[in-house]
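Novice: One structure, pasted below without further comment.
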Ligand code: NDP
């Protein structure tokens, strides 16, 4: 085992008594209960965070509202862009520290924390920064007749909705937290983030760096705690919009709560049961490394990762044999050792959930390879390939969000489309083939917000991302998110 050294500043940061981050400083209420933060690779408690009460949440929301009204919404778009870019610079400067925090709390392999999570967070933030000066309305020529020779003109303004509640899951807290910061701040909104209780530390650190970047105190606040803390935030009268990323059941509950709060605006980025369709012409040797990497990155705990593999029957056996060999040779172990490519699951409840699904598969003799629970400390499960004969199998219907991939053969493209779309989810899918005529005919029929061709799980800041069906509401990135964080105001003038 060749683990990297934990930086001194990381040790110091982890050891602090963490409070909420409100109005540019830590806010600690000694009466609030504490929540343990556990390193999933060792099962040791490494830190504690506060379980935020309605009172703390209200203080944070109120500060975000004051900063919105008096400071951030009044600042020029150019200046807002400069400050977001400065935050991106500071994330780059502190990249190793942030990467280590993510690895210690989420069990993410250190190279993924460094080169995917932290490095891409910087790129995404710079994209949001570049959008601050591109928020526009339009001019309109009204058509209704003039009665006494008067004329009319109209234009639209886009105005920030106000304070955003950003509720973030545990799989990529730093990056998803930054998406929410970038979406809110680039449109002139301010934000109160509620990270997952498991992976709070990197989000608290970003809030500190934002102050160093010159982002005004109160523009980015963080309240820590469990789901109830998130509920308090949605209920706050200072919050105008909820931006949630997480599971479908929680998303539906949050959407209902937001609607009951006087139709609070809501964007939902939820789970998926994403399909990868391998057509008859695929070269298994060529595609396998890319398919396996996009499936099992961060132990498969990626919302857009493929969980259902549909392979043409002529290539089924070859895929299963070769994929099993690759999975069995994957180095698994401490995420702090850069030579490992596979680490632990991120937290105990999720580990138990994945074990439940694997037990179902084991009982029915469906496991082709992997799915073993490793002895010793840490939430380690070896990457699993499971065969499914019936599309009604729970492993083919429910999101496992872990290192479990199910495979089924198909005969023709009509059957393939029926099977892909027979799901409540519609987040992402991929088609693997060099027969572009077939691929172009399949794309419009697939019910998913993103379709990749000969690749999978590839998010880019310039390309909109979000789910169809139960996988979500709204789109992130590009300029598509701007509609969700602004209100259109129509102005008509008579002259
Ligand atoms: P959850 O839905 O369990 O939780 C997400 C966040 O919501 C956490 O911060 C959680 O806090 C909080 N929360 C839980 N209950 C409530 C509530 N009633 N009101 C307000 N907040 C609440 O998801 P996970 O954290 O388990 O993340 C995994 C899920 O996220 C998967 O389904 C995955 O597909 C999805 N996801 C979707 C993405 C997308 O872009 N479409 C990207 C990444 C993940 P706490 O953790 O403290 O309970």
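Numbering (the working numbering), first residue to last: 6 to 500.
Where is the CB? At the ideal position from N, CA and C, for every residue including glycine.
All values derive from a computational prediction rather than experimental measurement.
1) How about the stretch 327-345 and the stretch 358-372: do they share at least three Cβ pairs that are nearer than 8 Å?
2) Roughly how many angstroms separate the alpha carbons of residue 188 and residue 154, rounded to a whole number?
3) Can you tell me which of the three DSSP states residue 117 falls into?
4) Rounded C-beta distance between residue 372 and residue 259? I'm assuming under 8 Å.
5) I'd like to check one pair, residue 178 with residue 207: are the Cβ atoms closer than 8 Å?
6) For the structure I just gave you, are there three or more beta carbon pairs, one from the stretch 266-279 and one from the stretch 421-435, closer than 8 Å?
7) Is it a yes or a no for the stretch 450-460 touching the stretch 226-243, going by three-plus beta-carbon pairs under 8 Å?
8) Can you name the residues that DSSP bridges to residue 158?
9) Which residue marks the beginning of the beta strand (DSSP E) containing residue 480, and which one marks its end?
10) Under 7 Å: does the beta carbon of residue 199 sit that close to some heavy atom of the ligand NDP?
11) In chain order, what residues of the same chain lie with their CB nearer than 6 Å to the CB of residue 33, ignoring the 5 residues before and after it?
12) Output the boundary residues of the alpha helix (DSSP H) element that contains residue 39.
13) Quick check on the burial criterion: 16 or more other C-beta atoms within 10 angstroms. Buried or exposed for residue 60?
14) Report the option in 498, 462, 119 and 494 whose CA atom is closest to the CA atom of residue 142.
15) May I ask you to check if the CB of residue 176 is nearer than 7 Å to at least one heavy atom of the ligand NDP?
16) In whole angstroms, what is the alpha-carbon distance linking residue 425 and residue 442?
17) For residue 186 versus residue 88, is the C-beta spacing smaller than 8 Å?
18) Near residue 421, what residues of its chain come up, given a Cβ to Cβ distance below 7 Å and the 5 sequence neighbours on each side ignored?
19) Out of 16, 114, 27 and 78, point me to the one whose CA is closest to residue 349's CA.
20) Return helix, strand or coil for residue 52, following the three-state DSSP convention.
21) Do you know offhand how far residue 374's Cα is from residue 390's?
22) May I ask you to verify whether the stretch 231-246 touches the stretch 58-73, counting CB pairs closer than 8 Å and requiring at least 3?
23) Going by the C-beta, is residue 252 closer than 7 Å to any heavy atom of the ligand NDP?
24) So is residue 218 buried or exposed if we call it buried at 16+ other beta carbons inside 10 Å?
25) Could you check what DSSP says for residue 390 in three-state terms: helix, strand or coil?
26) Beta-carbon within less than 6 Å of residue 437's beta-carbon, same chain only, minus the 5 sequence neighbours each way: which residues are those?
27) Provide the residue(s) that pair with residue 30 in DSSP beta bridges, ordered along the chain.
Specialist: Looking at the coordinates:
1) no
2) As the crow flies, the alpha-carbon of residue 188 is around 44 Å from that of residue 154.
3) helix
4) At roughly 35 Å, the Cβ-Cβ gap does not stay under 8 Å, so residue 372 and residue 259 are not in contact.
5) yes
6) yes
7) no
8) As DSSP reads the structure, residue 158 sits in a beta bridge with 498.
9) Taken as a continuous stretch (DSSP letters only), residue 480 belongs to no beta strand (DSSP E), as it is neither H nor E.
10) yes
11) 24
12) Not the alpha helix (DSSP H): residue 39 falls in the beta strand (DSSP E), residues 39-44.
13) exposed
14) 494
15) yes
16) Between the alpha carbons of residue 425 and residue 442 lies a gap of roughly 19 Å.
17) no
18) 282, 315 and 415
19) 114
20) strand
21) Distance between the alpha carbons of residue 374 and residue 390 is about 5 Å.
22) yes
23) yes
24) buried
25) strand
26) 283, 287, 292 and 459
27) Paired residues: 27.
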